[in-house]
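Chemist:
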Amino acid sequence: MPPGLRKIQFCSWGLLLWLSIGSAGDAPPTPQTKCTNFQNANLLQGTNLKVQFLLFTPLAPSCGQLVQESSDIQNSGFNATLGTKLLIHGFRALGTKPSWIDKFIGTLLRAANANVIAVDWVYGSTGVYFSAVENVVKLGLEISRFLRKLLVLGVPESSIHIIGVSLGAHVGGMVGHFYKGQLGRITGLDPAGPEYTKASLEERLDPGDALFVEAIHTDADNLGIRIPVGHVDYFVNGGQDQPGCPTFIHAGYSYLICDHMRAVHLYISALENSCPLVAFPCVNYKAFLAGQCLDCFNPFLLSCPRIGLMEQSGVKIEPLPKEVKVFLLTTARAPYCVHHSLVEFYLQEPRNKDTLISVTFLSSNVTSLVKITIPRQELQGKGVIAHTNPQCQINQVKLKFHSSHRVWRKDRTTIVGKFCTAPLPVNDKIGENNGC
2 MPPGLRKIQF CSWGLLLWLS IGSAGDAPPT PQTKCTNFQN ANLLQGTNLK
52 VQFLLFTPLA PSCGQLVQES SDIQNSGFNA TLGTKLLIHG FRALGTKPSW
102 IDKFIGTLLR AANANVIAVD WVYGSTGVYF SAVENVVKLG LEISRFLRKL
152 LVLGVPESSI HIIGVSLGAH VGGMVGHFYK GQLGRITGLD PAGPEYTKAS
202 LEERLDPGDA LFVEAIHTDA DNLGIRIPVG HVDYFVNGGQ DQPGCPTFIH
252 AGYSYLICDH MRAVHLYISA LENSCPLVAF PCVNYKAFLA GQCLDCFNPF
302 LLSCPRIGLM EQSGVKIEPL PKEVKVFLLT TARAPYCVHH SLVEFYLQEP
352 RNKDTLISVT FLSSNVTSLV KITIPRQELQ GKGVIAHTNP QCQINQVKLK
402 FHSSHRVWRK DRTTIVGKFC TAPLPVNDKI GENNGC
């Protein structure tokens with residue numbers, strides 16, 4: 002079996018469906034209200050689809066009310082005047098409840114006054130990954146029928162926000178396709194790659210599935226999809242090899258899923274914390290790191306997208322462009338957010354060889370480093386550095402020239418030039434992103 006498939010079968014994918022809808026009942030559960038938990042499936046029976054819709058409300062954030070039928074919804078704490086957020090997990094290799102689901106639900110309810118509906122399809126997503134893929138269309142139809150019950154209660158299509166993790170992102174895309182792209186929003190958290198990279202638009206998540214579609218890519222070289230699938234596609238740290246994740250297979254399960262699940266933890270952190278996870282449009286990650294994409298003028302007219310619940314991720318341009326790749330750097334742990342800065346070095350005169358200079362920012366016992374290469378016969382080199390503190394709080398900057406000599410020489414090279422730095426975006430006149 003190819004290593005990629007082996008990794009897929011042991012990876013645990015989760016999808017949480019957040020649906021905020023309006024309904025007749027807005028009272029908290031009574032002592033007689035039954036709270037339902039996620040199912041647990043075994044490897045033999047887990048391939049048969051069996052769906053539960055569990056409602057969580059601001060008045061009952063830890064009690065999942067089973068709302069399968071219209072009467073269940075009307076007799077629940079569902080509030081038709083609120084928004085609707087569906088959270089859909091993905092492949093569950095061992096048939097267990099996603100470990101992150103409770104925190105995700107609680108964070109959503111604190112961040113937005115909404116109804117949250119978790120779609121439990123542990124039965125149907127367990128066992129072999131390709132069996133779960135075969136259930137995607139059937140699950141999409143079941144969710145679509147469920148949403149129809151909400152629409153009958155007066156819930157607008159535009160108020161529905163689907164959040165799908167991994168395989169669940171494509172389930173959300175399927176539902177959006179059934180509703181002809183009129184749902185309000187779909188957020189794909191590292192949408193699954195295997196079986197979907199070359200799939201048709203009808204089979205996978207794409208910008209036509211909702212009024213606004215966004216995706217956060219964190220494992221594009223393995224379990225996640227490597228192509229853009231939304232209006233805005235965040236490629237975090239280039240979309241792969243997340244800081245703090247194991248790089249060797251002996252780390253076991255964490256090695257298999259850490260990069261893939263980082264999208265979930267990034268999104269939760271974005272909802273919990275005030276520091277923004279701001280991204281910048283660029284043709285590719287290499288160009289972004291090289292300091293070639295310094296603002297959000299093209300194509301967003303200076304409105305840089307950020308991960309979270311802001312309308313259209315903060316993008317204010319209409320009509321929305323499609324499949325725009327945006328890039329950002331993060332730290333290895335929550336809250337993950339950093340401040341991006343451009344660093345430049347100008348030589349006084351060109352050299353006959355490449356010049357390598359490292360730039361280090363120091364503040365509050367935190368250091369950040371970037372290396373700048375100035376090509377031979379050129380005067381300027383630049384790059385992007387990420388640091389946890391805003392530039393106005395940087396206490397010290399260190400510059401180091403890396404000589405190409407491998408042994409000590411008496412005639413040491415002297416480099417003369419000018420160093421400059423500026424916070425990104427470079428045309429941010431009101432300073433809303435620099436924290437100063």
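Counted the way the numbering used here counts, the sequence shown spans residues 2 to 437. Backbone N, C-alpha and C define an ideal beta-carbon position, used for all residues, glycine too.
Measure the C-alpha to C-alpha separation of Arg93 and Gln46 and round it to an integer number of angstroms.
Modeler: Position 92 of the sequence shown, counted from the first residue, corresponds to residue 93. Position 45 of the sequence shown, counted from the first residue, corresponds to residue 46. So the two alpha carbons sit approximately 13 Å from each other.
Chemist: Does the Cβ of His218 lie closer than 8 Å to at least one heavy atom of the ligand SAH?
Modeler: You won't find the ligand SAH in this model; it holds no ligand whatsoever.
Chemist: What is the DSSP secondary structure of Gln349, reduced to helix, strand or coil?
Modeler: Sequence index remark: in the sequence shown, residue 349 carries index 348 (1-based). In this structure, Gln349 counts as coil in the three-state DSSP scheme.
Chemist: Given this structure, state the Cα-to-Cα distance separating Ser126 from Ala81, to the nearest angstrom.
Modeler: On the sequence shown, position 125 is the one that residue 126 refers to. On the sequence shown, position 80 is the one that residue 81 refers to. Distance between the alpha carbons of Ser126 and Ala81: 30 Å.
Chemist: Since I believe Gly91 is in contact with Leu168 (beta carbons under 8 Å), could you give me their beta-carbon distance rounded to a whole number of angstroms?
Modeler: Working through the sequence shown from its first residue, we reach residue 168 at position 167. Working through the sequence shown from its first residue, we reach residue 91 at position 90. Yes, Leu168 and Gly91 are in contact; Cβ-Cβ is about 4 Å, under 8 Å.
Chemist: Please determine if the region 259-267 and the region 229-243 are in contact, where contact requires at least 3 C-beta pairs separated by less than 8 Å.
Modeler: yes
Chemist: DSSP puts Ile163 in a beta bridge; with which residues?
Modeler: Position 162 of the sequence shown, counted from the start, is the residue given in the question as residue 163. Leu87, Ile187, per the DSSP bridge assignment.
Chemist: What's the call for Ser77, buried or exposed, on a 16-neighbour Cβ count within 10 Å?
Modeler: Taking the first residue of the sequence shown as 1, we reach residue 77 at position 76. Buried is the call here.
Chemist: For Gly26, name the three-state secondary structure that DSSP assigns.
Modeler: The sequence position of residue 26 within the sequence shown is 25, counting from 1. Reliability of the predicted coordinates at Gly26 is poor, the pLDDT of 44 falling under 50, and no value is obtained from them.
Chemist: My output table needs one value for Phe249: the three-state DSSP class, helix, strand or coil.
Modeler: Position 248 of the sequence shown, counted from the first residue, corresponds to residue 249. Note: Phe249 maps to coil in three-state DSSP.
Chemist: Given that a residue counts as buried once 16 or more other Cβ atoms are within 10 Å of its Cβ, and exposed if not, what is Ala288?
Modeler: Taking the first residue of the sequence shown as position 1, residue 288 is located at position 287. With fewer than 16 other Cβ atoms within 10 Å, it is exposed.
Chemist: For my contact list, Arg227 and Gly194 are in at a C-beta cut-off of 8 Å; report their separation, rounded to the angstrom.
Modeler: Start at 1 with the first residue of the sequence shown, and residue 227 comes out as number 226. Start at 1 with the first residue of the sequence shown, and residue 194 comes out as number 193. At roughly 6 Å, the Cβ-Cβ gap stays under 8 Å, so Arg227 and Gly194 are in contact.
Chemist: Give me the residue from Pro62, Asn41, Ala61 with the minimum Cα distance to Val52.
Modeler: Translated into the one-based positions of the sequence shown, residue 52 becomes position 51. The option with the nearest alpha carbon to Val52 is Asn41.
Chemist: By Cβ distance below 6 Å, which residues in the same chain neighbour Tyr337 in space, the five residues on each side in sequence not counted?
Modeler: Taking the first residue of the sequence shown as position 1, residue 337 is located at position 336. Result list for Tyr337: Leu267, Ser270, Thr331, in chain order.
Chemist: When DSSP labels each residue in this structure, what does Gln40 get in the three-state scheme?
Modeler: Here residue 40 refers to the residue found at position 39 of the sequence shown. Residue state, collapsed to three classes: coil.
Chemist: Quick check on the DSSP output: the beta strand (DSSP E) that includes Thr422 runs from which residue to which?
Modeler: The residue you call residue 422 lines up with position 421 of the sequence shown. First-last of the beta strand (DSSP E) with Thr422: 418-424.
Chemist: Using the C-alpha atoms, what's the distance from Asp191 back to Ala112?
Modeler: Within the sequence shown, residue 112 is the residue found at index 111, counting from 1. Within the sequence shown, residue 191 is the residue found at index 190, counting from 1. Answer to the nearest angstrom: the Cα atoms are 21 Å apart.
Chemist: If you count every other CB in all the chains shown that lies within 10 Å of the CB of Pro351, and 16 or more means buried, which is it?
Modeler: For this step, residue 351 is matched to residue 350 along the sequence shown. Classification of Pro351: exposed, given that the 10 Å Cβ count is below 16.
Chemist: Could you please give the first and the last residue of the uninterrupted beta strand (DSSP E) stretch that includes Val364?
Modeler: Numbered from its first residue, the sequence shown carries residue 364 at position 363. At residue 364 the sequence reads Ser, which differs from the Val that was named. Where Ser364 is concerned, the enclosing beta strand (DSSP E) stretches over 356-364.
Chemist: Report the CB separation of Val316 from Val214 in whole angstroms; it is logged as a contact under 8 Å.
Modeler: As a position in the sequence shown, residue 316 is number 315, starting the count at 1. As a position in the sequence shown, residue 214 is number 213, starting the count at 1. Not really, about 12 Å apart at Cβ, beyond 8 Å.
Chemist: To the nearest angstrom, report how far apart Val89 and Ile161 are at their CA atoms.
Modeler: Walking along the sequence shown from the start, residue 89 turns up at place 88. Walking along the sequence shown from the start, residue 161 turns up at place 160. In the sequence as displayed, the identity of residue 89 is Ile instead of Val. Between Ile89 and Ile161, the C-alpha separation is close to 13 Å.
Chemist: Whose C-beta lies closer than 6 Å to the C-beta of Gly309 among residues of the same chain, with five residues either side of it excluded?
Modeler: Working through the sequence shown from its first residue, we reach residue 309 at position 308. Result list for Gly309: Ala271, in chain order.
Chemist: Could you give the uninterrupted runs of the beta strand (DSSP E) lying entirely in the region 99-184, keeping only those of 3 residues or more?
Modeler: 115-122, 161-166
Chemist: Let me check one thing: in DSSP terms, what residues is Ile440 bridge-paired to?
Modeler: Any answer about residue 440 is impossible in this case: the structure gives the chain only from 2 up to 437.
Chemist: For His463, does the count of other Cβ atoms within 10 angstroms reach 16, so buried, or fall short, so exposed?
Modeler: Outside the displayed range of the chain (2 to 437) lies residue 463, so it cannot be described from this structure.
Chemist: Would a C-beta distance cut-off of 9 Å place Gly173 and Leu206 closer than the cut-off?
Modeler: Position 172 of the sequence shown, counted from the first residue, corresponds to residue 173. Position 205 of the sequence shown, counted from the first residue, corresponds to residue 206. Contact flag set, yes.
Chemist: Quick one: using the 10 Å Cβ neighbour count with 16 as the cut-off for buried, is Thr368 buried or exposed?
Modeler: Counting from 1 along the sequence shown, the entry for residue 368 is found at position 367. Classification for Thr368: exposed.
Chemist: Have a look at Glu345, Leu151, Thr198, Leu212 and flag the residue whose alpha-carbon is nearest the alpha-carbon of Gln75.
Modeler: Along the sequence shown, read from residue 1 onward, the residue named residue 75 stands at position 74. It is Leu151 whose Cα lies nearest to the Cα of Gln75.
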